[in-house]
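Using my numbering, read the sequence shown as starting at 1255 and increasing by one per residue.
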Amino acid sequence: MSVLTPASRPSRVVELPSVPGLTALYGKAVLPSPRDIAGAVSSKLPFGKSAVPTVEASTLRLPDVTYLVRGVKGEPSHIVDYQRLLGEPVSDALPAGYVHVLGFPVAMALMVSAEFPLLVMGMVHLRNSVSVARTISTGEQLNILAWAQNMTGHAKGTSVELVVEAYADEEVVWRGVSTYLAKGKYLVGRGDESGQIDRAEFSAPLPTGRWQLGGSIGRQYAAVSGDRNPIHMSALTAKAFGFPRAIAHGMYTAARALSEAGRMRPDAYEWTVEFAKPVLLPGKVDVSIRGDAGVGGTGAVTYAGWNGKSGKMHFTGKITPLG
């Protein structure tokens, strides 16, 4: 019996014929919606915003729909490229991070739909929580479900969760919850930062390693994930979105830490990560990856990455046995 049970989700299901391409989805994401155009025009009218109909924040809702794509599996050579880049053993075991790669475009399709109330471009990836019920074979076909939930007020805007579940037949084998922040967009009022890491209290532990990340790592990860968000591709494209240089994909750093946990990982586990300061490319990241498998230990693995010079945290997370 699986250690995961299906999560509560919208009952209306829209089945997509295939996994959408991320390049087209990002193209759609950078185009403003009619609502955003109306807001921009109204703010410049000399006779005030009332001349253009606006949507009250209280009426904005997340799409009450679940997207579904059946029979999803990775291309074998593509999976090997991912395994090699992230440092996973080249085997028939599908990395948990690669399942995120398979499911992310389905969630992204929902986020760029006309029903989704937040702009995708400029969103900040706050955290991820992934539950892995068992080892998934590279040859297994998965049914991917995606939906949005928990749009809540945040001290800096509005946060929302995107959930992806992967089924093998009727069994939930993988679930990922990604939390994003739309900065400056207060659709449901101001909230607090409960559950966030207190950045000021981070104290760097003794490192167990150091990553030397070249300027091309964003493009390399994009090649195996399909995630060609401009902020990761080059200094030129990243500057258009307010970054001095390209930044590493958050899921690259989290998946690399998961990979380096290696044999300390159980077969079924929960994998969490909180993101803080982005990693500018090229750059160095000091990392600490430590297990608690001794007598009386929990079997958990904790990890963190930070800037060795400034002490500023990039990410921190945990891998804990599930079930």
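Quick reminder that beta carbons are idealized off the backbone N, C-alpha and C, glycines included.
Looking at the structure shown, is T1507 part of a helix, part of a strand, or coil, going by DSSP?
helix
How is G1328 classed by DSSP in three states: helix, strand or coil?
coil
Could you please give me the residues that DSSP links to P1575 through a beta bridge?
Y1523
Going by DSSP, what residue range makes up the beta strand (DSSP E) through L1412?
Residue identity check: residue 1412 is Thr in the sequence provided, not Leu. Taken as a continuous stretch (DSSP letters only), the beta strand (DSSP E) holding T1412 covers G1411 to A1422.
Roughly how many whole angstroms lie between the Cα atoms of S1489 and M1365?
Looking at the sequence shown, residue 1489 is not Ser but Ala. Cα to Cα, the separation comes out at about 26 Å.
For V1360, does the three-state DSSP call read helix, strand or coil?
helix
Could you have a look at Q1403 and say whether DSSP puts it in helix, strand or coil?
strand
Contacting residues, own chain, Cβ-Cβ under 8 Å from L1380 (five flanking each side not counted)
S1413, T1433, Y1434, L1435, Q1450, E1528 and F1529
Hey, is the region 1331-1347 in contact with the region 1492-1500, meaning 3+ C-beta pairs nearer than 8 Å?
no
Based on DSSP bridge pairs, tell me the residues matched to V1267.
T1320
If you follow the alpha helix (DSSP H) that T1491 is part of, which residue opens it and which one closes it?
A1489 to K1493
Between T1277 and chain B, is there a C-beta pair that is closer than 9 Å?
In the displayed structure, chain B is absent; only one protein chain is listed.
Closest by CA to N1561, which one among L1340, N1404, P1532 and S1383?
P1532
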